[in-house]
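For the sequence shown, position 214 matches number 213 in numbering that gives the first Met the number 0, and the numbering has no gaps at all.
Ideal placement from N, C-alpha and C gives every residue a C-beta, glycine not left out.
Everything below concerns the one structure shown next.
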Amino acid sequence: MPGYWKKLLEIDLTDKEIKVKELSDDFLRQYIGGAGFTTKIIYDEIEPGTDSLGPDNVLVMAPGNLVGPKIPTGSKTTFGFKAPQTGGYGKTIVGAKLGNHLKRAGYDVLVVKGKAEKPTMIVIEDDDVKLVDAEHLWGLDNRETDKKIKEEYGRFSTAVIGPAGEKLSKISSIECEDRQAGKGGGGAVMGSKNLKAIAIRGTKEVPVEDKDELDELNKKWRKITTGKGETADDSFSPEDQMNYGTGEAMAAKNKVYGCFPTRNWQAGYFKRAYDRLEDPEGRIELNPRYWVHEYRQGRRPCPFCTKPCSQYFVAEGTPYGDIEVDGPEYETLYSFGGACEVDSIEAVAKANELCDNLGLDTISAGIAIAWAMEAYEKGMIDTDLDLEFGNAEAMLEALRRLAYKEGELGELLGDGVYEACKKVGQGSEKFAIHVKGMPPAGFEVRGVKGMALAFAVAPRGADHLTSCLYALEMGGDYWDFEDYDRTKLSGKAFALKSMEDLMTLYDMTGLCKFSRGLMVDEGQLELVKAVTGFDMDLSEFLKAGERVYNLSKAFNIREGFGRKDDRLPDRFFDDEVLYGPTEGETLSRREFEEELDRYYDVRGWDQEGIPLKNTLRRLNLEGVADEIGSVQERE
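Set out below in structure tokens:
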């Protein structure tokens, strides 16, 4: 079938078995690719109650359907697994060369099962697939590991884990050549399988249905994504995103929206940093509009990116040593900068470099340390480090210990804020910022209130990219929605549901969500048709996104999740924002519960957040309906 090889490569590390299985036409059409494939496979392959760090967990890697044919921004590959960080649905997405090479090697999806006896690497070169010894790589950081593999094998693309993954940190990431699959603890899943690395080189041309049509569409979207054509979003600025990366709107998030989480989410405005502007030489170091001109040394974008937001940061002789890292992205500026109150771009960039090299999700690691700073301030934890907010040196040392689970502090923080607050108790849970164990991205929900609901219901835990609702919240208009008020929580349920389904399609096609103001739904569909030949209308296409979203929810229901888990940290309800544009704001528990009810209604779920049998059957999920579907009528 055009667009696919119809091949699933399955590797059992326990038995050292390598199999190629055929994918059915029905599977391909219903699940399309990327997160569609990984979600369906982990639901089918992982038994309820499976230990996320045991050999029965499954690691699935699937490039999006539009990865391979050199489509503008078509780079995203999904890793799926049962997540150590949450105990539920695991999905982490990366703009990596690896997915492109898997597709060009002749496979649509890779499934890894079991556990190797000793450190092992999977090596794939077209039809040649083998398991090789990786004991000499164990203990190396990510950069060293990738360098060693390239020295031994040449121009292979890699996915590797560092010391944090080897130590089974539940917040460890998978490193893909300067791009990170960060969320959920995928690095720990690889570490638990003694899988140090995956190296792939593919040389085949991916088959497509209509090459001439695809060439024309590629020209069209290349023009639009570089800012030279008409867009679906008038506020979209490719130039700003390319020049300043994901942090380009940092000033507005502080001074206008008050949604830049600071001091472990006590405020949405980095007061300490902005107070410095009273000094004639003061500057907001974290704002990329300041630092890219001094520290950016080129770009290292995702494959086929026509609007690169990458900012490759290089600095020598800083107080924190030499630094070389791709970033920092907005979320890292928030987690190590705002949340820890560290206003040194060099310190934040060093934290970014440590996370990338040692293998940690920057959001989860930064928020764990921000929580520790507040617990230290309140006298709840004792450490030899001066863990005051704003202490950059203490932050970096705490990060190093966290990665290696070294000493009492490293052991406390090594699995993230959720595990840490359970150990400390004393009320520290009230300011532990997470949903289902996953810390949120940098959008203060008391200033952008629709994101409160978005964070609460996302299946993989607090997550902005499951819906990208913040684009609508801060812009006011997006797609089919207009005049949205970020200061109100009520009335967001339908837009949230619709955007979750749409963004799930991005995860299935493999297009970058920074093209969301461009391609939306029709744009994606015309590319899918040119690649696959699917005679699919817009309704069927959107239904595919809704199907996969409901299946991700079903995975969690089967693991015991319910309404009790679609909740937010107490701080958002009980504590007023300390200062800034949203000073004094809180969330209303009553309004939150009412909007959660509306969301469940819109989704076709019961009052506990369990999909109704009829909803699942409408989505062609008959077996899932029989297994977990609810028959409860809405009141």
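**Q.** DSSP beta-bridge partners of Trp604
**A.** Residue mapping note: residue 604 aligns to position 605 of the sequence shown, counting from 1. Paired residues: Pro610.
Q. Apart from the five residues on each side of it in sequence, which residues of its chain come closer than 6 Å, Cβ to Cβ, to Met120?
A. On the sequence shown, position 121 is the one that residue 120 refers to. Excluding residues within five positions, the ones whose Cβ falls inside 6 Å are Val131, Ala133, Lys195, Ala196.
Q.
Measuring straight from C-alpha to C-alpha, what distance separates Tyr417 and Glu315?
A. Translated into positions along the sequence shown, residue 417 becomes position 418. Translated into positions along the sequence shown, residue 315 becomes position 316. Their backbone Cα atoms lie some 36 Å apart in a straight line.
Q | Where Ala455 falls, given that 16 or more other Cβ within 10 Å makes a residue buried | A | As a position in the sequence shown, residue 455 is number 456, starting the count at 1. Ala455 is buried by the Cβ-count criterion.
Q: Measure how close the beta-carbons of Ala104 and Thr76 come, nearest whole angstrom, since I'm counting them as under 8 Å.
A: The sequence position of residue 104 within the sequence shown is 105, counting from 1. The sequence position of residue 76 within the sequence shown is 77, counting from 1. Contact flag wrong, Cβ pair sits at about 13 Å.
Q: Could you tell me how far apart the beta carbons of Glu328 and Gly415 are, in whole angstroms, since I believe they sit closer than 8 Å?
A: Reading the sequence shown from its first residue, position 329 is the one you call residue 328. Reading the sequence shown from its first residue, position 416 is the one you call residue 415. Rounded, the Cβ-Cβ distance is 19 Å, inconsistent with contact.
**Q.** Reduced DSSP category for Lys15 - H, G, I as helix; E, B as strand; rest coil
**A.** Counting from 1 along the sequence shown, the entry for residue 15 is found at position 16. Residue state, collapsed to three classes: coil.
Q. Contact between the segment 83 to 99 and the segment 214 to 221: three or more CB pairs below 8 Å?
A. no
Q) Opposite Ile197 in the DSSP bridges: which residues? A) Position 198 of the sequence shown holds residue 197. In DSSP, Ile197 forms a bridge with Ile121, Ala158.
Q. What does a CB cutoff of less than 7 Å around Asp233 pick up in its chain, not counting 5 residues either side in sequence?
A. The count along the sequence shown starts at 1 and reaches residue 233 at position 234. With a pLDDT of 48 at Asp233, under the threshold of 50, the predicted position of this residue should be treated as unreliable, though the coordinate-derived value follows. Cβ neighbours of Asp233 beyond the five flanking positions: none.
Q: Count the C-beta pairs between the segment 183 to 195 and the segment 374 to 384 that are closer than 8 Å, then say yes if the count reaches three, no if not.
A: no
Q: Could you please give the first and the last residue of the uninterrupted beta strand (DSSP E) stretch that includes Leu58?
A: Walking along the sequence shown from the start, residue 58 turns up at place 59. Bounds of the beta strand (DSSP E) holding Leu58 are 58 to 62.
**Q.** Contiguous alpha helix (DSSP H) assignments of at least 4 residues, all confined to the segment 436 to 501
**A.** 449 to 456, 468 to 474
Q. If you draw a straight line from the C-alpha of Val122 to the C-alpha of Val159, how long is it?
A. For the purposes of this step, residue 122 is taken as residue 123 along the sequence shown, with counting starting at 1. For the purposes of this step, residue 159 is taken as residue 160 along the sequence shown, with counting starting at 1. Going from the Cα of Val122 to the Cα of Val159 covers about 12 Å.
Q. Per DSSP, what kind of secondary structure is Arg6 in: helix, strand or coil?
A. Within the sequence shown, numbered from 1, the residue matching residue 6 stands at position 7. The sequence given here has Lys at residue 6, not Arg. Correct three-state label for Lys6: strand.
(Q) Considering just the uninterrupted stretch of the beta strand (DSSP E) at Arg299, what are its terminal residues? (A) For the purposes of this step, residue 299 is identified with residue 300 of the sequence shown, where counting begins at 1. Taken as a continuous stretch (DSSP letters only), Arg299 belongs to no beta strand (DSSP E), as it is neither H nor E.
Q. Just to confirm, are Ala338 and Gly365 a CB contact at a threshold of 9 Å?
A. Counted from its first residue, the sequence shown places residue 338 at position 339. Counted from its first residue, the sequence shown places residue 365 at position 366. Yes; because the gap between Cβ atoms is below 9 Å, this pair is in contact.
Q.
Measuring alpha carbon to alpha carbon, tell me which residue in Gln425, Leu353, Glu525 is nearest Glu396.
A. In the sequence shown, the residue the question calls residue 396 occupies position 397. Relative to Glu396, the option among Gln425, Leu353, Glu525 whose CA is nearest is Leu353.
Q. Going along the chain, which residues of its own chain have a beta-carbon closer than 7 Å to the beta-carbon of Gly475, five neighbours each way excluded?
A. Locating residue 475 in the sequence shown gives position 476, where the first residue counts as 1. Result list for Gly475: Asp482, Tyr483, in chain order.
Q: May I ask you to report which of helix, strand or coil DSSP gives Phe80?
A: One-based indexing of the sequence shown puts residue 80 at position 81. Looking at Phe80 - three-state DSSP - the assignment turns out to be strand.
Q: Select from Met473, Lys182, Lys448 the residue whose C-alpha is nearest the C-alpha of Lys169.
A: Your numbering for residue 169 matches position 170 in the sequence shown. Of Met473, Lys182, Lys448, the residue nearest in Cα terms is Lys182.
**Q.** Where Glu215 falls, given that 16 or more other Cβ within 10 Å makes a residue buried
**A.** Indexing the sequence shown from 1 puts residue 215 at position 216. A residue is called buried when at least 16 other Cβ atoms come within 10 angstroms of its Cβ; Glu215 does not meet this threshold and is exposed.
(Q) If I measure Cβ to Cβ from Ala624 and keep anything under 7 Å in the same chain, skipping five residues before and after, which residues do I get? (A) In the sequence shown, the residue the question calls residue 624 occupies position 625. Lys612, Leu615, Arg616, listed in sequence order.
Q.
Is it buried or exposed, Ala251, if we count other Cβ atoms within 10 angstroms and call 16 or more buried?
A. Along the sequence shown, read from residue 1 onward, the residue named residue 251 stands at position 252. Exposed: under 16 other Cβ atoms inside 10 Å.
Q: My understanding is that Val576 touches Arg400, with C-beta atoms under 8 Å, so please give their C-beta distance in whole angstroms.
A: Counting from 1 along the sequence shown, the entry for residue 576 is found at position 577. Counting from 1 along the sequence shown, the entry for residue 400 is found at position 401. Actually they do not touch by this definition, with Cβ atoms about 31 Å apart.
Q. On the premise that Cys304 lies in contact with Thr157, defined as a C-beta separation below 8 Å, what is that separation, rounded to the nearest angstrom?
A. Numbered from 1 along the sequence shown, position 158 holds the residue referred to as residue 157. Numbered from 1 along the sequence shown, position 305 holds the residue referred to as residue 304. Contact doesn't hold; Cβ gap of about 19 Å is too wide.
Q) What residue range is occupied by the uninterrupted beta strand (DSSP E) comprising Phe572? A) In the sequence shown, residue 572 corresponds to position 573, counting from 1. That residue, Phe572, is in no beta strand (DSSP E); its alpha helix (DSSP H) goes 569 to 573.
Q: In the DSSP assignment, find the alpha helix (DSSP H) that holds Tyr273 and state where it starts and stops.
A: For the purposes of this step, residue 273 is taken as residue 274 along the sequence shown, with counting starting at 1. Looking at the DSSP string, the run of the alpha helix (DSSP H) that includes Tyr273 is 270 to 274.
Q | Reference Gly641; option with closest CA among Pro162, Glu124, Asp140, Lys129 | A | Residue 641 cannot be examined here, being either before or after the span of the chain that is shown, 0 to 634.
Q | Collapsed DSSP secondary structure at Asp385 in the structure displayed | A | Position 386 of the sequence shown, counting from 1, holds the residue named residue 385. Asp385: coil per DSSP, three-state reduction.
Q: Apply the 10 Å Cβ neighbour rule to Phe235 and answer buried if 16 or more other Cβ atoms are within range, or exposed otherwise.
A: Stepping through the sequence shown from its first residue, residue 235 is reached at position 236. Its pLDDT being 49, under 50, Phe235 is placed unreliably in this model, and the coordinates cannot settle the point.
Q: Could you name the residues of the same chain whose beta carbon sits closer than 7 Å to that of Val205, not counting the 5 residues immediately before and after it, in chain order?
A: Your numbering for residue 205 matches position 206 in the sequence shown. Answer for Val205: Gly67, Pro68, Lys102, Arg103, listed in chain order.
Q.
Only counting the same chain, and skipping five residues up and downstream in sequence, which positions put a Cβ closer than 7 Å to that of Ala272?
A. To locate residue 272, count along the sequence shown from 1; it is residue 273. Taken in chain order, the residues that qualify are Ile283, Leu285, Asp342.
**Q.** Reference Gly409, options Pro318, Lys166, Asn141, Arg602, closest by Cα
**A.** Translated into the one-based positions of the sequence shown, residue 409 becomes position 410. It is Lys166 whose Cα lies nearest to the Cα of Gly409.
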